[in-house]
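In our numbering, the protein residues as written are 29 to 300.
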């Protein structure tokens, strides 16, 4: 399951892998967060795994890729009803045009979830975990695209996740945001919420041939060592084009450099 980053338990261990896409305050995290959630999920599905992609970001960018913005989604068919109304996750799972890939849409009402959860008394940090646990036997991977903030909605994703994937832009090095994220992960581990949460990997994104991009990648590898994936996601217009056509990179430009990069990332995630 994925929340802040990407994580999973292997099917051989009796449960799904649950990767999350980590985000943090600071723009250094933002490029390709949703893009990576979508294309990693699609790549795993193409590799033959059963995948559930959960859009936990109130901005709903993942949702808009799979459901055209003109097609209004009923609130009770979204993640909001799971988090705030205790609806079963199975009731809000939607099919996609891609074999093996299903998704749970977000809703703008999730933007108020942190405030509503802060006032709640019942299990406010583990609502998503409880919902995902009920369906995890159906999926090999559950990937969660998190909101770009460290509120209770994100904590729900962290608690529901086995491990985290942290996408970081190589346009500049947001070390402060990375440190803040590590502190949050440590906090979740130290409580009884999710003591086994781990970082699956740090992903370099938005990469190009500039010296800045190369320097940032070098600093990330120096700071995180082997946690940094070998795969680097290039800055490429084909990714934005895929989203604008409401699909993933493997359907839009399967021979592009971006598709090859995400295919390589899929293999690294499987091995980890």
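Where is the CB? At the ideal position from N, CA and C, for every residue including glycine.
Keep in mind that this is a model prediction, so the values were computed, not measured.
Here residue 110 is buried. Its C-beta has 16 or more other C-beta atoms within 10 Å.
The count of Cβ pairs closer than 8 Å, one atom from the region 158-175 and one from the region 62-72, reaches three, so the stretches are in contact. With a cutoff of 8 Å on beta-carbon distance, residue 267 and residue 286 are scored as near each other.
In the DSSP assignment, residue 229 is bridged to 193.
Cβ atoms of residue 264 and residue 284 come within 8 Å of each other, at about 7 Å. Per DSSP, the continuous alpha helix (DSSP H) segment holding residue 277 begins and ends at 277-280. Assigned with DSSP and collapsed to three states, residue 199 falls in coil, not helix or strand. Distance between residue 163 and residue 238, taken at the CA atoms: about 44 Å. Buried is the label assigned to residue 107, since at least 16 other Cβ atoms lie within 10 Å of its Cβ. Using a Cβ-Cβ distance cut-off of 8 Å, the region 90-99 and the region 136-143 are not in contact, since fewer than three pairs of beta carbons, one from each stretch, lie closer than that value. Here residue 229 is buried: its Cβ has 16 or more other Cβ atoms, across all protein chains shown, within 10 Å.
A direct Cα-Cα distance of roughly 22 Å separates residue 117 from residue 76. Remark: C-beta atoms of residue 221 and residue 187 approach each other more closely than 8 Å. With distances taken between CA atoms, residue 90 lies nearest to 66 out of 66, 45, 178 and 292.
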